[in-house]
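So the structure is just underneath, and the comments pick up after that.
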Amino acid sequence: MTLQFNDETFRDDYTFRNSPEAVRRFPFPFDQDSYMYSVNLEPHAGGREGSPFEKRFDVDEHYVAEMRDREITLQEDPLRCQSLPHMELAGWDFLELVMVSKSEDYPDWFTLNRDGNRWHWINRPLGIDQHFTFLDATTLPCGPMEYITRQTQGDHALLDQRDDNLWMDAGMVTSQADWSLDFDIGMNFFEWHAPVPKAAEMGVFQRALKYLLNLQQGKPVRRLNWTMTVNPRLDTSPENYHKWGPEKRTMTPENVGAKQHLRVELQTLWRLPRSNAIVFPIRCYLCSLEDLVTVPKWGRRLHRVLRDLPEELATYKGFAVNRPLIVDYLSRFDDGAPTSPGIFPD
Amino acid sequence: MSARMLRVAAVEPLTPLVTRFRFVAPDGQALPLFSGGAHVVVEMPEGDLVRRNAYSLISDPLNGSCYEIAVRREDAGRGGSRYMHSQVKEGDLLGVGAPVNLFSLDLRARKHVMIAGGIGITPFIAQLKQLARLQLPFELHYAARSRAEAAGLRLLPDLPQVHVHISEEGNRLDIGAILSAQPLGTHVYTCGPEALIDAVAATGARLGWPAAALHSEVFMAPPPGAPFAVTLASTGKTVTVGPTQSLLEALEAAEVPVDWLCRGGACGRCETGVRSCHGTIEHHDHWLSDADKSAQTRIMPCVSRFSGTSLVLDL
Amino acid sequence: MPKIEFSPSIPSRPVYAGLASQGAAPALMLADAEGAEAILDLAARDAAVVDHAHIIYIPAGASHGPRLKALGARLYAEAPTFAAALERFRKALTDARMGTQLYLAGSEGLIGQAQAEALAMGFPEGAIHSEHRGTVARRMQCVHCKGITEGVTTDPFLCSHCGLTLFVRDHFSRRLGVFQGVCVDAETPGVVPPTVEIKP
C-alpha cells in the first residue's frame, strides 16, 4: 500500500494536517442544506471505493499518530478505558472482529494466523507481533478490549443487552466529544443520552433503541454524527475541559479557517456472537474549515447548515459562542447556488 | 431474514417423542457462533406450504462446526414438528436462519438458576456448556413426567448442580425451596409450559424477588385452526390462511414483507396494525396488552388467527 | 416535615419512588436525619415490615432515634456517619439472600452512596426502595480530579479536592452515587456566574 502514515500531534503544537486525498475522502455528514436529529441508520456493508465507508474498520493516514495520542491520554488518565467484569467475553468478540476484518481488508498491514485458540497477530504499522491464546486474558498484556482498541482508531463502547435495554458496560474513550466514560459506564441507553437536548422529546432514542435491540449478527449498521472542535484535538473530554476549553476563545476572523474543525463521527454498530453484546465504534474524523471549503459544495452547504441550526443544538455541540465568527467566514464561500443531494463532492 | 441451506448430518431419536438433528454447512465452513439460549428458525417446505419454526440450539455455542436442535413431536400442532420427525432424513438440505438470542444469560449474575419443564430443557443445554466454560456458579432443575420422556437426560452432564425431578417417581419440583436462600445477585431462568413459568413468577414475587431477576421463555408454535382470509389495506389483495399454516407463513407465501424474529408470539417484532375487524381475532401471543387485544386493533401474525367476516390489515 | 417535590429533569436524574412495603420479607433499612420519618411512616402503613428488619440510623443532628428503636425491629443500630456504618452495612449485605429488601431514606447523598455499595455487592436494583427526606444537598463528583465533595448546596461550588469552581449537573451516576460537577469557567477563567442555592 502506498499510504504514508503521518507523524503529527493532536495537542500542544497541533501539527495534524489532512492531505488533499484525506480532505477529498472526508465523511462530510450533511446530505442536505439543513440539519435535525434522526435515527439515520443504514447498513454498514461497504461503500464508495476509497471512502471511509468502504472497509469495515477504516484505516487512514492518521492511524499511527492517533494511537500515539491515545497512549498519552491513557497514561495521564487510565480511567478512559474500563470494562465491567462481566464484559470480558464481549471484549474477546470485539478483538476477533477487528483482527479478522483488518487482516482481510488490509492484508499488507495486518496478518492473523489461527490454529484453534492459538492466535498470532501482526500489526505492521504499529510494530506489533503477538502470540496469545484466544479467551485467555493472561496471555495478553492487558484485557482483550483494551488490547485491540489500543490498535483501532476511534472510541469504542461495548453495550450489554438485557432488560430490553442497552447498557454501556465497557469502553475505550479517548477521542470523545465531551462525555466521561468513568461517569457514564453502567448507564443504560436513555441515561447516557440524557444530556442531549430535544432528541428525547422527538422519540428518536426510543426508535433507535428498538432498532438496535434487534440488531443481527453479520448485519452491522452505521450512521454519521457531528460537532465542532477548535484545533484538531482528539481529547476533548470533560476531564480535561479546563485545559482545552480556553482554546475555544482564541478564535479570530483571521484564524477561524485554520483553527475551526468540523468533527465527524462515523458510528458503526455490530452484534457480537458469543456475548450477544453490541459493539459501538465511534470513528472520529477532523477537517479544518479552510480545507472543507476547497470542495465548493461543502462550503455552501456547511454555511447554510450552521447558519440555520437551532441555538440549543449549537449550544449543546459547544460552538454557540463562536457561531457568528464561523458563519461569517463560511458566508464567503456560499454564493447561494443550489447544492446537489448527498454527501459526496460533485 | 435470510436462511442458509445447511445439510442434515444426523437424525437421532432421544426418546419416542424427541429427536435430535445436527446441521452442518454443506461446504464444511464454520457456522456463526452464538450465545447460550439462542434459537434458529428452520424452514420446512411441504408442497406449496413453507412452515418456519424456531428451535433452541443445544449445541456448544463456541463450536462452529455444527448446530444441533432437539424437536419434540406435537401431534396436535400444525405439523411442523411432525414434518421434522417424519420427512427429514440425513443428507437433506434445509434452510436455517442465523442464531438470534432472546433468552440470554445475565452475565453479571453471581449465580444462575435454571428451571426446565419438559422440552424446555433445550436452551439450557447450550447455556450449561457456556457456564461450564466461563466457570460460573449455576444450578439446574429439570422436571419431566417420566424418565422415558426426559430427553434431556441424554444431553445433560452428570454434575452435582444438575437436579432431575421425575414427577412419576414422586420427586416433584419445589419452586419455593429453590428460590429460598439463593445468594444476592442470583438470576433465575425458566423454560417450559406456561403454568411452570407462572408458578415461578408467583413464588418469586411472594418471596420478594424483583421481576428483573426472573427470566423466562415460553415455547409456542403457531396453533392450527380453521382456515380464514385477510385483506391487505394497501392493495385490497386477499390472502388465505390454511388450517396448518400460520398467518405469517401465509403472508410470506404471498410475498408480503413482514418483519419477524421469534415466530412464537413473544418478541413483538411482527406486530401489525388492524385497519378493520368484523369478527374475532384469536390472540395466541404474549406480546400485546390486554387492552390492545380486546380493542382488536393489533395482531401478531406469527401465532394468532381470525374467525369472522373480514379482517383488514395495515399492510 | 413536608416531602420535597423534585422538578422533572433529564432521564439520568434519579427519581425516588417512595417506600412501599414488601411485607415481612427480610429487610435492611438505612436512613439519615429526616429519613427516619419515612421509615416510621412505612411501619405505620404496614407493621410487619420491621419483623425481619435490620435498621441502621444516622441521626445527623435529628432526634428520631428513640422512635425508630421503639419499632422493635429485629436489629437496630445507630452510627454517627455513613463511613462509620459502612462495614456493618457491608456485612449485612454479605449475609443477605435473594428476597431481602433494601429500604433507603433520607438525603440523596446517603441514598446514592448506599445504593452504589449495594449494587457493587450484587444486590438487585428491583429490591432497592428509596425515599428522599430532608436536605437537597448533593453529593458531587468533580469530573476533572474525580474527588467527591459532600453536602453541596450551591451552584456553582468549589471542589473540596482540587479547588476548581464547578457547576452542578443533574446527570447522575448510579454506579458512583454522585452527580457530576464540571468546571464552570474553563473558557473564561475567573468569570463565574452568581452563586445560587440548589433547588429541588
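Going down the list, the sequences are from chains A, B and C.
The numbering of the first sequence is my numbering, which starts it at 1375 and goes up by one.
The numbering of the second sequence is my numbering, which starts it at 154 and goes up by one.
The numbering of the third sequence is my numbering, which starts it at 430 and goes up by one.
Where is the CB? At the ideal position from N, CA and C, for every residue including glycine.
No experiment lies behind these values; they were computed from the predicted model shown.
Does any residue of chain B have a CB that is nearer than 8 Å to the CB of C:P440?
Looking up residue 440 of chain C in the third sequence gives position 11. No, C:P440 does not count as interfacial toward chain B.
Looking at the structure shown, is B:G338 part of a helix, part of a strand, or coil, going by DSSP?
The residue you call residue 338 of chain B lines up with position 185 of the second sequence. Coil.
Proximal residues to A:V1638 (C-beta, below 7 Å), its chain only, five neighbours per side dropped
In the first sequence, the residue the question calls residue 1638 of chain A occupies position 264. P1401, P1403, L1598, W1600, Y1659.
In three-state terms, what does DSSP make of A:M1721?
Here chain A comprises residues numbered 1375 to 1720, so residue 1721 of chain A is not present and cannot be evaluated.
CB contact flag (C:A630, B:G361, <8 Å):
Lying before the first or after the last residue shown, residue 630 of chain C is absent from chain C, which here runs from 430 to 629.
Indicate the three-state DSSP secondary structure (helix, strand or coil) for B:T343 in the structure shown.
Sequence index remark: in the second sequence, residue 343 of chain B carries index 190 (1-based). B:T343 falls in the strand class under three-state DSSP.
Under a three-way DSSP split, which group does A:M1461 fall into?
Start at 1 with the first residue of the first sequence, and residue 1461 of chain A comes out as number 87. Of the three classes helix, strand and coil, the one that applies to A:M1461 here is helix, per DSSP.
Please return the same chain residues whose Cβ sits closer than 8 Å to the Cβ of C:H600, not counting the five positions on each side in sequence.
In the third sequence, residue 600 of chain C corresponds to position 171, counting from 1. Same-chain partners within the cutoff: I439, S441, R442, F608, Q609.
Taking all protein chains shown into account, decide if A:V1669 is buried (16 or more other Cβ within 10 angstroms of its Cβ) or exposed.
Counting from 1 along the first sequence, the entry for residue 1669 of chain A is found at position 295. Classification of A:V1669: buried, given that the 10 Å Cβ count is 16 or more.
Beta carbons nearer than 7 Å to chain B: which residues of the region 447-481 of chain C have them?
Q451, A454
Pick out the complete beta strand (DSSP E) segments inside the region 544-580 of chain C, 3 residues or longer, and give them in chain order.
557-561, 567-571
Proximity to A:M1461 [Cα-Cα], best of B:V177, B:L287, B:A162:
Mapped onto the first sequence, residue 1461 of chain A falls at position 87. Residue B:L287 is the option with its Cα nearest to A:M1461.
Of all the alpha helix (DSSP H) runs that stay within the bounds of the region 1419-1505 of chain A, which reach a length of 4 or more residues?
1437-1450, 1462-1479
Any idea what DSSP makes of B:A223, helix, strand or coil?
Taking the second sequence and counting its residues from 1, one reaches residue 223 of chain B at position 70. It is a strand residue.
My understanding is that B:F176 touches B:Y236, with C-beta atoms under 8 Å, so please give their C-beta distance in whole angstroms.
To locate residue 176 of chain B, count along the second sequence from 1; it is residue 23. To locate residue 236 of chain B, count along the second sequence from 1; it is residue 83. Their Cβ separation, rounded to whole angstroms, is 15 Å, which puts B:F176 and B:Y236 out of contact at 8 Å.
Does any residue of chain B bring its CB to less than 8 Å from the CB of C:P443?
Within the third sequence, the letter at position 14 stands for residue 443 of chain C. It does not; no Cβ of chain B falls within 8 Å.
Which whole-angstrom value is the C-beta distance of A:D1529 and A:I1656, which I expect to be below 8 Å?
Numbered from 1 along the first sequence, position 155 holds the residue referred to as residue 1529 of chain A. Numbered from 1 along the first sequence, position 282 holds the residue referred to as residue 1656 of chain A. With a Cβ gap of about 4 Å, A:D1529 and A:I1656 count as contacting.
What's the call for C:V621, buried or exposed, on a 16-neighbour Cβ count within 10 Å?
The residue you call residue 621 of chain C lines up with position 192 of the third sequence. Exposed, by the Cβ-count rule.
Around the C-beta of C:K628, are 16 or more other C-beta atoms found within 10 angstroms, so that it is buried, or is it exposed?
For the purposes of this step, residue 628 of chain C is identified with residue 199 of the third sequence, where counting begins at 1. Exposed: under 16 other Cβ atoms inside 10 Å.
Could you work out which residue in B:P363, B:A285, B:G395, B:A374 is closest to B:D228 when comparing CA atoms only?
Here residue 228 of chain B refers to the residue found at position 75 of the second sequence. Closest by alpha carbon: B:A374.
Using a Cβ-Cβ cutoff of 7 Å, what residues of the region 404-426 of chain B are near chain A? List them in chain order.
L414, R422
Counting only beta-carbon separations shorter than 8 Å, does C:Q530 have a partner in chain B?
Here residue 530 of chain C refers to the residue found at position 101 when the third sequence is read from its first residue. Closer than 8 Å to some Cβ of chain B, the Cβ of C:Q530 qualifies, so yes.
Closest to A:Q1527 by C-alpha separation, out of A:E1440, A:P1627, A:L1676, A:G1421, would be which residue?
Against the first sequence, residue 1527 of chain A aligns to sequence position 153. With distances taken between Cα atoms, A:Q1527 lies closest to A:E1440.
Report the rounded CA-to-CA distance for B:A407 versus A:I1700, giving the unit in angstroms.
Counting from one through the second sequence, the residue named residue 407 of chain B turns up at place 254. Counting from one through the first sequence, the residue named residue 1700 of chain A turns up at place 326. So the alpha carbons of these two residues sit roughly 56 Å apart.
Contacts of B:L260 in chain A (Cβ-Cβ under 8 Å):
Within the second sequence, numbered from 1, the residue matching residue 260 of chain B stands at position 107. Those within 8 Å of B:L260 in chain A are H1460, M1461, L1463, D1534, S1649.
Which residues bound the beta strand (DSSP E) around B:P198?
Along the second sequence, one-based indexing puts residue 198 of chain B at 45. Its beta strand (DSSP E) spans residues 192-199.
Quick check: A:L1448 and A:T1548, are their CB atoms within less than 8 Å of each other?
Along the first sequence, one-based indexing puts residue 1448 of chain A at 74. Along the first sequence, one-based indexing puts residue 1548 of chain A at 174. Yes, these two residues count as a Cβ contact at 8 Å.
Decide yes or no for the touch test of the region 181-188 of chain B against the region 236-248 of chain B: beta carbon pairs closer than 8 Å, at least 3 of them.
no
Any C-beta of chain A sitting closer than 8 Å to the C-beta of B:L385?
The sequence position of residue 385 of chain B within the second sequence is 232, counting from 1. Cβ-Cβ to chain A under 8 Å: no for B:L385.
Any C-beta of chain A sitting closer than 8 Å to the C-beta of C:C612?
Residue 612 of chain C sits at position 183 when you count from the first residue of the third sequence. So yes, C:C612 belongs to the interface.
Give a yes or no on whether 8 Å exceeds the smallest Cβ distance from B:W440 to chain E.
No chain E is present in this structure, whose protein chains are A, B and C.
Could you please tell me which residues of the region 503-518 of chain C, in chain order, have their CB closer than 8 Å to any CB of chain B?
none
Residue interval of the alpha helix (DSSP H) (run including C:G464)
As a first step, residue 464 of chain C is located in the third sequence; it is residue number 35 there, counting from the start. Its alpha helix (DSSP H) spans residues 464-474.
Once DSSP output is grouped into helix, strand and coil, what is the label at A:Y1659?
Your numbering for residue 1659 of chain A matches position 285 in the first sequence. Strand, per DSSP.
Quick one: list the residues of chain C neighbouring A:E1544, beta-carbon separation under 8 Å, in chain order.
By 1-based counting over the first sequence, the position of residue 1544 of chain A is 170. Here residue 1544 of chain A is Ala; the residue named in the question, Glu, does not match the sequence. Simply none; closest approach about 13 Å.
Specify, as a first and last residue, the run of the alpha helix (DSSP H) that B:Q280 falls within.
The count along the second sequence starts at 1 and reaches residue 280 of chain B at position 127. Start and end: 275-287.
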